[in-house]
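Asks:
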Amino acid sequence: MSGLQLQDLYQGFREPQTIRVLAEKIRQASSSLKAPLHIMEVCGGHTHTIMKYGLNQILPDNIEFIHGPGCPVCIMPKERIDHAISLAQMENTILLTLGDMIRVPGSKSSLAKQRALGCDIRALNSPLDAIQIARENPDKQVVFFAIGFETTTPMTAAVIQKTIDSGLDNLYFHINHVLVPPAVEVILSDPACRIDALIGPSHVSVISGAKIYLPLAENYEMPVVVSGFEPVDVMQGILMIVEQVLEQRHEVEIQYTRAVSLEGNLKAQQLIDTYLQPRSHFRWRGLGDIAHSALQLKDEYRQLDAEVVFADRLSDEPIDDHKMCICGDILKGLAKPQDCKVFGRGCDPTRPLGSCMVSDEGACNAYYRYAEISLPPSTKQKRASA
Amino acid sequence: MKVVELSHGGGGAETQQLIQQLFYRHFANDVLLKSEDAAVLSLQGQTAFTTDSFTVSPLFFSGGNIGNLAIAGTLNDLSMMGAKPLYLSCAFIIEEGLPFDTLEKVVQSMADELQNSDAKIVCGDTKVVPRGAVDKLFINTSGIGEISTGQIVKPSAHNLQMGDAVIVSGDIGRHGAVVMAERESINLHGDFKSDCQVLWPAVKALLDAGLELHALRDATRGGLAALLNEWANSSEVCIEIEEEKIPVSESVRGLCELLGFEAYDFANEGTFAIALPCSQVEQALQVLSQFDFTQKAAVIGKVTDFQAGLVVLQTPWGSQRVLELPKGELLPRIC
Chain W
1 MSGLQLQDLY QGFREPQTIR VLAEKIRQAS SSLKAPLHIM EVCGGHTHTI MKYGLNQILP
61 DNIEFIHGPG CPVCIMPKER IDHAISLAQM ENTILLTLGD MIRVPGSKSS LAKQRALGCD
121 IRALNSPLDA IQIARENPDK QVVFFAIGFE TTTPMTAAVI QKTIDSGLDN LYFHINHVLV
181 PPAVEVILSD PACRIDALIG PSHVSVISGA KIYLPLAENY EMPVVVSGFE PVDVMQGILM
241 IVEQVLEQRH EVEIQYTRAV SLEGNLKAQQ LIDTYLQPRS HFRWRGLGDI AHSALQLKDE
301 YRQLDAEVVF ADRLSDEPID DHKMCICGDI LKGLAKPQDC KVFGRGCDPT RPLGSCMVSD
361 EGACNAYYRY AEISLPPSTK QKRASA
Chain U
1 MKVVELSHGG GGAETQQLIQ QLFYRHFAND VLLKSEDAAV LSLQGQTAFT TDSFTVSPLF
61 FSGGNIGNLA IAGTLNDLSM MGAKPLYLSC AFIIEEGLPF DTLEKVVQSM ADELQNSDAK
121 IVCGDTKVVP RGAVDKLFIN TSGIGEISTG QIVKPSAHNL QMGDAVIVSG DIGRHGAVVM
181 AERESINLHG DFKSDCQVLW PAVKALLDAG LELHALRDAT RGGLAALLNE WANSSEVCIE
241 IEEEKIPVSE SVRGLCELLG FEAYDFANEG TFAIALPCSQ VEQALQVLSQ FDFTQKAAVI
301 GKVTDFQAGL VVLQTPWGSQ RVLELPKGEL LPRIC
């Protein structure tokens, strides 16, 4: 990466004038829309961008966002979090996972609480650190609780490959990698679904290609734009969607041409296919059981699979969310966070009742953190023209 | 290698040796060397008094160590009240087995940092605890500062006035970002140092210039986000911030981009905010331009009556959002 500075990767994509021009173009184009346009941003990262940069405030009223199921922490059912806790509680064990998985409450506890009680639980910055930790602790069993969509799966596959190649015998994997298309399909096939178009996350398609949306675009006659995460990316993606709707097209288009192709990263796909295979079904928090919507280790690597090796400690009994929690409806786009009776009252980022409040990328967390300010009409007008 | 042993905290000959050969050597002054049970001080007028405990892992980081922090932190708390730092207490809780060299380096840094003010360490305490009871070394410092009798201005978090400008003294988030990067072994290139710094010289210059400093606060734990929220709450005003005006170094921004953090949630140890009348902004910036550590001072926003108790961030493209208090543990994002 010589010569390339980090700022090159985002500068220009937050340029105020470009954002204003895109907002104006969207406003002009959308005035010809015959009906309100409901766009689902599949990924929590997009929800975060939209709320953090206030993009929803500068878009016309006939464009509405529906916040999709694409936050790997948010869709993790409680029984799987309980798995992580049970594994962490084993004698002589180090449990590794990523980011804010540490905070998520299971049925009775969370990894953060278990860590406070003395379990050795570590959040990794890079999954490959798991190898080093397993090497440095040969007398302990190390379990990697792997989570994420297609984006993070190749990293897990690379760790599995390294584990096998280096002959490490104390590193185990609890695989929770989930897949975007089956979950979106479930949402779109619901008769109550109000979604007219999709924004697909660029990082998923860097790996899997834009091709994964082709069946959805065709079967549901729906425009899909694979877009980056910077504000200019999202605004351009929205403009591309509005143009598709006006021209009555329903295609898969790539906004994030910087790194996404139709086919994706074939080497990464191959690496995943070498070690992982689809599960018969996976229970998504809020969405329920979805066939072939997640991955698991292939049978020939059972000796590495924490779900097999420690099966006697793990229960698959489904555990539902708190009765008041409407995360399921929010994930399906049937409700907004503020429609929930406990939003900001019984449930906030320090005491999340439901999954959408836990992760920075959950819809409720983003709404809570970046709450839109209710402006009196005169102020709003004044501010918009200022 | 010479290490600190439990006997060094036992109160006997080894303790005396540690005090004489290390602490007295570096911190020497008349009051301390009297070796009484308590320091006897003469104070005039109003007195500011503060305490803080310091725990940081790693003990040494780019731009400082726990020793610099323990001095700068307490001196800065006094400075933020407009009080001239005079006297400090200093208590060490040491894990047995800490290399003597490490302790000496920390003590040396404390002595060096003290040179940035007229303050002295006048009393102290040393405890040595068994392995595992603390993480290497904890330090507590308490400080006393004098508010000059001639000084009319008494900066307070409750004293923000409508129309005040808000200035931040430098680029934000460096201390928190450096410590996180070093703890997580993330190597970033470039000039990436904690902002750890005694702020009294800059505060003294602002006071001497006769500026009406309505509020001063250093943006320590919780970062700029916590500071602004505390002010908005205490003074029951709205603080409107123009996001693009907040100075952030490329390294800190880079770490935030990589891991999904916000620079205004990261701790600072030598960066403070000022609220003062708009008409005095130019003069304040001119005063701050005299010091190396406030070269990047910038006006970032103003106090309004928009929505009391809220901190509002304005984006350059006309949207706005609430800047919340940071919550929970800072954890890197997943993807």
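Which chain is which? The protein sequence lines are W and U, in order.
Just so it is clear: in the first sequence, position 319 is 319 by the numbering used here, and no numbers are missing.
Just so it is clear: in the second sequence, position 163 is 163 by the numbering used here, and no numbers are missing.
Heads up, the beta-carbon is just placed ideally off N, CA and C, and yes, glycines get one too.
(1) Select from 204(W), 355(W), 240(W) and 291(W) the residue whose C-alpha is nearest the C-alpha of residue 42(W).
(2) Contact criterion: CB-CB distance below 7 Å. Does residue 328(U) meet it with respect to chain W?
(3) Have a look at the DSSP bridge pairing and note the partners of residue 275(U).
(4) Shortest alpha-carbon distance to residue 316(W) belongs to which of 224(W), 84(W), 227(W) and 230(W)?
(5) Within the continuous beta strand (DSSP E) that includes residue 36(U), where are the two ends?
(6) List the DSSP bridge partners of residue 351(W).
(7) Under 8 Å by Cβ, that's how I've got residue 54(W) and residue 315(U) pegged, so tell me the actual separation to the nearest angstrom.
(8) By alpha-carbon positions, which one of 233(W), 308(W), 340(W) and 320(W) ends up nearest to residue 254(W)?
(9) Under the three-state reduction of DSSP, which class applies to residue 305(W): helix, strand or coil?
(10) Taking C-beta to C-beta, are residue 123(W) and residue 102(W) nearer than 7 Å?
(11) Under the assumption that residue 53(U) contacts residue 140(U) (Cβ atoms under 8 Å), give the Cβ distance between them as a whole number of angstroms.
(12) Compare the C-beta of residue 14(U) against all C-beta atoms of chain W and say whether one is closer than 7 Å.
(13) At the 7 Å Cβ level, is residue 350(W) part of the contact set with chain U, yes or no?
(14) Which one of 224(U), 195(U) and 165(U) has the shortest CA to CA distance from residue 364(U)?
(15) Give a yes or no on whether the C-beta atoms belonging to residue 199(U) and residue 243(U) are separated by under 7 Å.
(16) Given a threshold of 16 other Cβ atoms within 10 Å of its Cβ, counted over all protein chains shown, does residue 152(U) qualify as buried or as exposed?
(17) Is the stretch 89 to 108 of chain U close to the stretch 123 to 134 of chain U, with three or more CB pairs under 8 Å?
(18) Count the C-beta pairs between the stretch 270 to 280 of chain U and the stretch 161 to 169 of chain U that are closer than 8 Å, then say yes if the count reaches three, no if not.
(19) Looking only at its own chain, which residues have a Cβ that is under 6 Å from the Cβ of residue 81(W), when we skip the five neighbours before and after it?
(20) Check whether the Cβ atoms of residue 228(U) and residue 311(U) lie closer than 7 Å to each other.
(21) Does the CB of residue 123(W) have a neighbour CB from chain U at under 7 Å?
(22) In this structure, does DSSP put residue 284(W) in helix, strand or coil?
(23) In three-state terms, what does DSSP make of residue 41(W)?
(24) Could you tell me which chain U residues have their CB closer than 7 Å to the CB of residue 88(W), listed as they occur along the chain?
(25) CB-CB under 7 Å to residue 107(U), same chain, minus the five flanking residues each way: which ones, in chain order?
(26) Of the choices 230(W), 246(W), 127(W) and 30(W), whose alpha-carbon is the least far from that of residue 13(W)?
(27) Below 7 Å between beta carbons: does that hold for residue 332(U) and residue 228(W)?
(28) Looking at chain U, is there any beta carbon in it that lies within less than 7 Å of the beta carbon of residue 54(W)?
(29) Buried or exposed: residue 286(U), going by 16 or more other Cβ atoms within 10 Å of its Cβ?
(30) Exposed or buried, residue 265(W), counting other C-beta atoms within 10 Å across all chains shown (16 or more means buried)?
(31) Looking at chain U, is there any beta carbon in it that lies within less than 7 Å of the beta carbon of residue 369(W)?
(32) Kindly say whether residue 154(W), judged by its beta-carbon, lies nearer than 7 Å to any beta-carbon of chain U.
(33) Considering only C-alpha positions, which residue in the set 112(W), 224(W) and 154(W) is nearest to residue 39(W)?
(34) Which partner residues of residue 61(U) appear in the DSSP bridge assignment?
(35) Chain W beta carbons: is any one of them nearer than 7 Å to that of residue 303(U)?
(36) Counting Cβ pairs closer than 8 Å, one from the stretch 293 to 302 of chain U and one from the stretch 61 to 81 of chain W, do we hit at least three?
Replies: Once the coordinates are examined:
(1) The count along the first sequence starts at 1 and reaches residue 42(W) at position 42. That would be 204(W), whose Cα lies nearest to the Cα of residue 42(W).
(2) Looking up residue 328(U) in the second sequence gives position 328. For residue 328(U), a Cβ of chain W is located within less than 7 Å of the residue's own Cβ.
(3) Here residue 275(U) corresponds to residue number 275 of the second sequence, with the count starting at 1. Its beta-bridge partners are 166(U) and 215(U).
(4) For the purposes of this step, residue 316(W) is taken as the residue at position 316 of the first sequence. For the residues 224(W), 84(W), 227(W) and 230(W), the minimum Cα distance to residue 316(W) belongs to 84(W).
(5) Against the second sequence, residue 36(U) aligns to sequence position 36. Per DSSP, residue 36(U) is not a residue of any beta strand (DSSP E), being assigned neither H nor E.
(6) The count along the first sequence starts at 1 and reaches residue 351(W) at position 351. Per DSSP, 348(W).
(7) Along the first sequence, one-based indexing puts residue 54(W) at 54. Along the second sequence, one-based indexing puts residue 315(U) at 315. A Cβ-Cβ separation of about 6 Å places residue 54(W) in contact with residue 315(U) under the 8 Å criterion.
(8) As a working note, residue 254(W) is residue 254 in the first sequence. Taking residue 254(W) as reference, the option from 233(W), 308(W), 340(W) and 320(W) with the minimal CA-CA separation is 233(W).
(9) The residue labelled residue 305(W) in the question sits at position 305 within the first sequence. Reduced to three states, the DSSP call for residue 305(W) is strand.
(10) Along the first sequence, one-based indexing puts residue 123(W) at 123. Along the first sequence, one-based indexing puts residue 102(W) at 102. If you check the CB distance, residue 123(W) and residue 102(W) come in under 7 Å.
(11) For the purposes of this step, residue 53(U) is taken as the residue at position 53 of the second sequence. For the purposes of this step, residue 140(U) is taken as the residue at position 140 of the second sequence. That pair is a contact at about 5 Å.
(12) Numbered from 1 along the second sequence, position 14 holds the residue referred to as residue 14(U). Any Cβ of chain W closer than 7 Å to the Cβ of residue 14(U) would place that residue at the interface, and such an atom is absent.
(13) Mapped onto the first sequence, residue 350(W) falls at position 350. Answer yes: the Cβ-Cβ gap between residue 350(W) and chain U drops below 7 Å somewhere.
(14) There is simply no residue 364(U) to check, as chain U begins at 1 and stops at 335 in what is shown.
(15) Along the second sequence, one-based indexing puts residue 199(U) at 199. Along the second sequence, one-based indexing puts residue 243(U) at 243. Residue 199(U) places its beta carbon 7 Å or farther from that of residue 243(U).
(16) Counting from 1 along the second sequence, the entry for residue 152(U) is found at position 152. So residue 152(U) counts as exposed.
(17) Per the Cβ contact rule, the stretch 89 to 108 of chain U is in contact with the stretch 123 to 134 of chain U (3 or more Cβ pairs under 8 Å).
(18) Yes, the stretch 270 to 280 of chain U touches the stretch 161 to 169 of chain U.
(19) On the first sequence, position 81 is the one that residue 81(W) refers to. Excluding positions up to five away in sequence, the list reads 104 and 106.
(20) What you label residue 228(U) is simply residue 228 of the second sequence in a count that begins at 1. What you label residue 311(U) is simply residue 311 of the second sequence in a count that begins at 1. Contact: yes.
(21) Taking the first residue of the first sequence as position 1, residue 123(W) is located at position 123. Chain U, which has a Cβ nearer than 7 Å to the Cβ of residue 123(W), makes this yes.
(22) Position 284 of the first sequence, counting from 1, holds the residue named residue 284(W). The answer is strand: DSSP assigns residue 284(W) an E or B state.
(23) Taking the first residue of the first sequence as 1, we reach residue 41(W) at position 41. The three-state secondary structure of residue 41(W), taken from DSSP, is strand.
(24) As a working mapping, residue 88(W) is identified with position 88 in the first sequence. Correct list: empty, because the minimum Cβ distance to chain U is about 16 Å.
(25) Indexing the second sequence from 1 puts residue 107(U) at position 107. Contacts found: 22, 23, 26 and 67.
(26) Counting from one through the first sequence, the residue named residue 13(W) turns up at place 13. Residue 230(W) is the option with its Cα nearest to residue 13(W).
(27) The residue you call residue 332(U) lines up with position 332 of the second sequence. The residue you call residue 228(W) lines up with position 228 of the first sequence. For residue 332(U) and residue 228(W), no; Cβs fall outside 7 Å.
(28) Here residue 54(W) corresponds to residue number 54 of the first sequence, with the count starting at 1. Yes - at least one Cβ of chain U is within 7 Å of the one on residue 54(W).
(29) Here residue 286(U) refers to the residue found at position 286 when the second sequence is read from its first residue. Exposed, since its Cβ has fewer than 16 Cβ neighbours within 10 Å.
(30) Counting from 1 along the first sequence, the entry for residue 265(W) is found at position 265. Burial check for residue 265(W): the Cβ neighbour count within 10 Å reaches 16 or more, so the residue is buried.
(31) Walking along the first sequence from the start, residue 369(W) turns up at place 369. At a cut-off of 7 Å between C-beta atoms, residue 369(W) counts as an interface residue with respect to chain U.
(32) For the purposes of this step, residue 154(W) is identified with residue 154 of the first sequence, where counting begins at 1. So no, residue 154(W) is outside the interface.
(33) On the first sequence, residue 39(W) is found 39 positions in, with the first residue counted as 1. Ranked by Cα distance from residue 39(W), the options 112(W), 224(W) and 154(W) are led by 224(W).
(34) In the second sequence, counting from the first residue as 1, residue 61(U) sits at position 61. Here residue 61(U) is bridged, per DSSP, to 64(U).
(35) Start at 1 with the first residue of the second sequence, and residue 303(U) comes out as number 303. For residue 303(U), the answer is no, since every Cβ of chain W falls outside 7 Å of its Cβ.
(36) In this structure the stretch 293 to 302 of chain U does not touch the stretch 61 to 81 of chain W; the number of beta carbon pairs closer than 8 Å is below three.
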